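See structure below.
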Amino acid sequence: MDVYYSFNYMSAAWMILEAVPLIISPTMIITLLSPEVRESTVLEEYLSRSLGMCLIAFSILNLLLTGSVPLTSTISEPAANPTSTDLEDPTAPYAVPSLTITLVYHCAVAFYCYTMYTTGHAMTFGVAVAAHALFAAVGGWVMLFGASNGSISRKTGADKRTSGFPFGNKEADKKRAGKKL
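Heads up, our numbering is the position in the sequence shown plus 30, with the first residue counted as 1.
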């Protein structure tokens, strides 16, 4: 579950890192991304600052809804029952949906920045592609493999949910055949 929390914290930190320049100096961001150097308009500044505030709100909501920041009344309660991404977990009921939305966000932004970078725009889009693609890859890994504890057998250490669909396990079939007789 450490990768899950790391993904949430690093994703939130990246969104805040993107938001701070948008709020503080939208002119600098417009100059970096624009093909020609010009003064920014009032509308561009408003939209840049609004996007920055939305990114901060999105990152805080992501941390709160995934259970990365515990919202309990006592300090000892989270230590006794850590938050998980199981759908039945009452401490973070929105962990998986929030993870899904964050994953879709990173995929969409990576795709958009890639299209802007390949059409000959600024190198800044290339940096954004690398960062968002990394977050999308880690988020996809967490969604596939880190979203539940699994069903690990105490006796063998193997995952109980696996099957031998494409390949048969002849040794296991031999053992089972002896038990059926």
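All C-beta atoms, glycine included, are put in the ideal place defined by N, C-alpha and C. For clarity, every value in this text was computed on a predicted model and none was experimentally measured.
Distance from the Cα of isoleucine 60 is smallest, within the candidate group Phe155, Thr148 and Ala87, for Phe155. Between leucine 129 and threonine 71, the alpha-carbon positions lie close to 35 angstroms from each other. Remark: C-beta atoms of glycine 97 and alanine 125 approach each other more closely than 8 angstroms.
Residues Ala49 and Ile53 of the same chain have their beta carbon placed closer than 8 angstroms to that of methionine 83, with the five preceding and five following residues left out of the count. For tyrosine 147, same chain residues with a beta-carbon under 7 angstroms away, outside a window of 5 residues either side, are Phe155, Gly156 and Val159 in chain order.
If you look at valine 126, you'll find it in the alpha helix (DSSP H) that goes 125-148. Per the C-alpha coordinates, the member of Thr57, Val99, Cys143 and His151 positioned closest to serine 36 is Val99. Threonine 132 counts as buried, since at least 16 other C-beta atoms from the protein chains shown sit within 10 angstroms of its C-beta.
The shortest CA-to-CA distance from methionine 153 to any of Ala161, Tyr39, Leu63 and Leu91 is the one to Leu63. Histidine 136 and aspartate 32 have their C-alpha atoms roughly 20 angstroms apart.
A direct Cα-Cα distance of roughly 15 angstroms separates phenylalanine 175 from asparagine 38.
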